[in-house]
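Residue numbers (my numbering): 725 to 947.
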């Protein structure tokens, strides 16, 4: 079970999230995301923030998977070692929006683009997710390896610009610029298609490839 943390989002174009921890609670974050922390918050760097066990090789593999998905090899944890509720805040590295994700509302798992993860409650895992079509790895922009965030607690994603949600029904397909994909349900199929026509591909201004997302499921896009 993930820690049940409290939070508050602040700001508009340059948002930050203030996480309030009860004594003993922990939040894990991408390296360099910390904005400030109150007295009593203990910061540590670790390979295994959720203490899942296993030997050193297993922990090194976990770090390698995070690195492949676009995150840092190590995870930084922030634990409230005080005897009262204390705050720790995290900010995004570029202008945009931060969105809180209750993973229970996403059936315990969400697929995101690289570098979307900001922080999460202890008990949430961030690993790699392979797309089913290898062409996405060569031409997808977001890379063959996407992030998989899973658990039963809160996680926080950040995106460039404004977030927009699209709900795909049945086998409905949405074609988007590869750099605009933020997150999606695991049920959404992700593939890469070439822009039709030589003239359009070369002079259309949209690049040579776009992502084809096929439902059912939710898709989050960034402007």
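Quick reminder that beta carbons are idealized off the backbone N, C-alpha and C, glycines included. Predicted model only: the values in this text are computed from it and were never measured.
Asked: Among the residues of its own chain, which have a CB less than 7 angstroms from the CB of residue 866, if the five just before and after it don't count?; Found: Any reading at residue 866 must be qualified, since the residue scores a pLDDT of 46, below 50, and its modelled position is unreliable; the value itself is stated next. If we look at residue 866 and ignore the five residues flanking it on each side, its Cβ neighbours are 837, 838, 902, 905.
Asked: Does the beta-carbon distance from residue 818 to residue 759 come in below 8 angstroms?; Found: no
Asked: Comparing C-alpha positions only, which one of 822, 750, 934, 881 sits nearest to residue 735?; Found: 822
Asked: If you draw a straight line from the alpha carbon of residue 749 to that of residue 843, how long is it in whole angstroms?; Found: 14 angstroms
Asked: My guess is that residue 898 and residue 937 are in contact by the Cβ rule of under 8 angstroms, so how many angstroms apart are they, rounded?; Found: 5 angstroms
Asked: Do residue 888 and residue 947 have their beta-carbon atoms positioned less than 8 angstroms apart in this structure?; Found: yes
Asked: Quick one, which of 841, 918, 763 has its alpha-carbon nearest residue 747's?; Found: 763
Asked: Hey, quick one: how far does the beta strand (DSSP E) through residue 823 stretch, first residue to last?; Found: 820-826
Asked: Rounding to the nearest angstrom, what Cα-Cα distance links residue 834 and residue 802 in this structure?; Found: 23 angstroms
Asked: Is the beta carbon of residue 848 less than 8 angstroms from the beta carbon of residue 726?; Found: yes
Asked: For residue 800, is the classification buried or exposed, using 16 other Cβ atoms within 10 angstroms of its Cβ as the cut-off for buried?; Found: buried
Asked: Tell whether a beta-carbon distance below 8 angstroms holds between residue 940 and residue 886.; Found: no
Asked: Does the beta-carbon of residue 908 have 16 or more other beta-carbons within 10 angstroms, so that it is buried, or is it exposed?; Found: buried
Asked: Using CA atoms only, rank isn't needed, just tell me which of 751, 739, 912, 918 is closest to residue 846.; Found: 751
Asked: So residue 944 is in the beta strand (DSSP E); what residue range does that whole segment cover?; Found: 941-946
Asked: Which residue wins for smallest C-alpha separation from residue 876, given the options 900, 895, 831, 914?; Found: 831
Asked: What number of angstroms, rounded off, separates the C-alpha of residue 923 from the C-alpha of residue 934?; Found: In this prediction, residue 923 has a pLDDT of 46, which is less than 50 and means its spatial position is unreliable; nothing more can be read from the coordinates.
Asked: Just verifying my parser: in three-state terms, what is the DSSP assignment at residue 893?; Found: coil
Asked: Quick one: what's got a C-beta closer than 7 angstroms to residue 895's C-beta in the same chain, skipping five residues either side?; Found: 938, 939
Asked: Enumerate in chain order the residues of its own chain whose CB-to-CB distance from residue 810 is below 8 angstroms, with the five nearest sequence positions on each side excluded.; Found: 744, 745, 761, 762, 763, 764, 765, 804
Asked: Quick one: grab the DSSP three-state call for residue 829.; Found: helix
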